[in-house]
Structure formats: structure tokens, C-alpha cells
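A.B. asks: Please see the structure below; I have some questions.
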Amino acid sequence: MSTLIPKHIAIIMDGNNRYAKAQGLKTGQGHVVGKDALDPIVEHCLQAGVDVLTVFAFSSENWQRPEAEVELLMRLLSATIYEQMPRMDKYQICLRFIGDRSGLDKDLQQLMADAEAKTAHFTNMTLVIAVSYGGQWDMVNASRQLARQVELGSLQVADIDEQSFGQFVQLGDLPAVDMLIRTGGEYRISNFLLWQTAYAELFFTETLWPEFRPVELQGMMDEFGRRQRRFGKTSEQIET
Ligand code: M2E
């Protein structure tokens, strides 16, 4: 039986602040260490043949964090995009951003658009960074676009179904999420990809994000394969 590789993995990278506290670092320094934990995970997904990796870098709710932490995260986001571009080029990875960009600094919006344009033609893997993203914002945004199409007469209400709705949520052109992983010991979806994870296998680990390594990710991918082979069968079928 060939090993089943997930097409789309999504990760809620949680635990940066707890890591910083445990290491006696200043708050926010955990985000700096957390940033560097992503590279080995990206490379592991690339080598394993994963098509899409989506990571939750900054949620709609993160705007409520202390101003200094939000500013640090925004600066870190810009710095990381600059830093990552040579790697995207080297590994031919398409970089995309999802979320409500309207609240972001104009320079950052331009940097994101440039990075997407420069990597749009790469086909080895797609790395999606969720910035100022919320699953509920996503679904409301999709609903607004559908309502506008109905108002314009280019869509009938009767034509709104899961298929047409699914085209208007973020990443509607990409495979649905197969594996949703959350590090840091919390067991919540926290308004991440709500529509896109409808059928995702859920994986939680106590490991804090800065300490999350490819070996643990591979263990989850192996478990994903085992779960898929059981998918839809009765327990009797499994036993025989
Ligand atoms: C990331 C952003 O907590 C976030 C701080 C910024 C870096 N980060 C974690 C990301 O997820 C942009 C790119 Cl191009 C890659 C990773």
C-alpha cells in the first residue's frame, strides 16, 4: 500500500511566548525563535511531496495583543518575507498570503504583493502565510462577494451551494486541508481555516512551536496515513 501523503497541511504555530518565558527570554523573543523553527518544517514538507503548507502567523484576534508585541510581529513579518524570498527562489516555492490586508501597513501590503507576484509561477509547493486572518472573516468575506454577484445579476441565489461558496473563501483554488496541527498544548481551532478544515484530521501536541521538529511532524504524517487506511471502513472490516 503506497504511503498516503497529505496534500495540504495547516499549522497553528502556538507556544512562542511560553517558550520565551521558560527560556528567560524577553516576551516577543519567542516569536523570533519561532520564526526560525519554520524552515526545517517547510523543507520536510517539500521533500515529502506535500502540495500546500499553511501557517497561522497572525490572527484577527492578535490585533488585541499589547501594542509592542503587535509592532514586533509586524516588523518580524516584513523581515521574514525579505529573508525568505531567496529560499522561495531556491526551492521554487509559491508564496501566498491570506487574511484581511486592509489593516496592514501599506509598505507591508506592497511587500506581500511583490512576494506573491515573484513566486506565483513556482510549482514545487505552495507556502501560505495567514496574516490578520480569521475563519469567520473569511466566510463573511466570501458571503459578501456572493451577495454582490447576486445583486449584479451574475449569480442566482439558487446557484449558491458548497461548491460555489468554496470558490470564494481563501485558498478556494487549492486542495482542502487534510491535516490540521496545533502546537503549544491548546486544543482549540482559534478561528483558523474553518471552512477549509471541514474534513481535516486533527493533531495536537504539547510541544511549544519553537521546539517543533520535522521528526514529530513525520510521526503525525505516518499517523495520518494509518487513519486514512481506516477511513470509512467499519471496525469489523478493520479487524479482518
Ligand atoms: C512567517 C511569515 O509569528 C510569525 C512572525 C513572523 C514570521 N512568521 C511567524 C511566519 O509565520 C512570513 C513568511 Cl514569508 C514565513 C513565515
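The sequence shown begins at 398 in my numbering and counts up one residue at a time. Heads up, the beta-carbon is just placed ideally off N, CA and C, and yes, glycines get one too.
1) If you follow the alpha helix (DSSP H) that Ile635 is in, where does it begin and where does it stop?
2) Using CA coordinates, which residue listed in Lys487, Met471 and Thr520 is at the minimum distance from Asp502?
3) Our contact map puts Ala407 next to Val574 with C-beta atoms below 8 Å; I'd like the distance itself, whole angstroms only.
4) For Val449, which residues from the same chain have a beta carbon less than 6 Å from its beta carbon, with the 5 sequence-adjacent residues on both sides left out?
5) Quick one: what does DSSP say Met398 is sitting in, helix, strand or coil?
6) When the Cα atoms are used, what is the spatial distance from Asp511 to Leu422?
7) What's the call for His518, buried or exposed, on a 16-neighbour Cβ count within 10 Å?
8) So, for Gly582: in the same chain, excluding its five sequence neighbours on each side, which residues have a beta-carbon less than 6 Å away from its beta-carbon?
9) Which residue spans inside the stretch 410-465 form an unbroken beta strand (DSSP E) run of at least 3?
10) Spell out whether any CB of chain C is found under 8 Å from the CB atom of Ala510.
11) Quick one: does the C-beta of Ala454 sit closer than 7 Å to a heavy atom of ligand 1?
12) Along the chain, where does the alpha helix (DSSP H) that runs through Leu508 open and close?
13) Please confirm whether Thr516 and Ile495 have their CB atoms less than 8 Å apart.
14) By the 10 Å Cβ neighbour count, where 16 or more other Cβ atoms means buried, how is Met398 classified, buried or exposed?
15) Three or more beta-carbon pairs under 8 Å between the stretch 426-434 and the stretch 607-626, yes or no?
16) On the three-pair Cβ rule with 8 Å, is the stretch 529-543 touching the stretch 453-472?
C.D. replies: Taking the definition as stated:
1) Position 238 of the sequence shown holds residue 635. Per DSSP, Ile635 belongs to the alpha helix (DSSP H) from Ser632 to Glu636.
2) Position 105 of the sequence shown, counting from 1, holds the residue named residue 502. The residue with the shortest Cα to Cα distance from Asp502 is Met471.
3) Reading the sequence shown from its first residue, position 10 is the one you call residue 407. Reading the sequence shown from its first residue, position 177 is the one you call residue 574. Indeed, because the Cβ distance is near 5 Å, the residues count as touching under 8 Å.
4) Stepping through the sequence shown from its first residue, residue 449 is reached at position 52. His405, Thr523 and Leu571.
5) Counting from 1 along the sequence shown, the entry for residue 398 is found at position 1. Model confidence at Met398 stands at a pLDDT of 48, short of 50, so the residue's coordinates are unreliable; what they give is reported in the following sentence. Met398: coil per DSSP, three-state reduction.
6) Here residue 511 refers to the residue found at position 114 when the sequence shown is read from its first residue. Here residue 422 refers to the residue found at position 25 when the sequence shown is read from its first residue. Approximately 33 Å, taken between the alpha carbons.
7) As a first step, residue 518 must be located in the sequence shown, where it is residue number 121. Result: exposed.
8) Taking the first residue of the sequence shown as position 1, residue 582 is located at position 185. Hits under 6 Å: Glu603.
9) 449-456
10) As a matter of chain content, chain C is missing from the structure shown, which is built from one protein chain.
11) Position 57 of the sequence shown holds residue 454. Yes, the beta carbon of Ala454 sits closer than 7 Å to at least one heavy atom of ligand 1.
12) Position 111 of the sequence shown, counted from the start, is the residue given in the question as residue 508. Where Leu508 is concerned, the enclosing alpha helix (DSSP H) stretches over Lys503 to Thr516.
13) Here residue 516 refers to the residue found at position 119 when the sequence shown is read from its first residue. Here residue 495 refers to the residue found at position 98 when the sequence shown is read from its first residue. The answer is no: Cβ separation not under 8 Å.
14) As a first step, residue 398 must be located in the sequence shown, where it is residue number 1. In this prediction, Met398 has a pLDDT of 48, which is less than 50 and means its spatial position is unreliable; what the coordinates show is noted afterwards. Per the 10 Å Cβ criterion, exposed.
15) yes
16) yes
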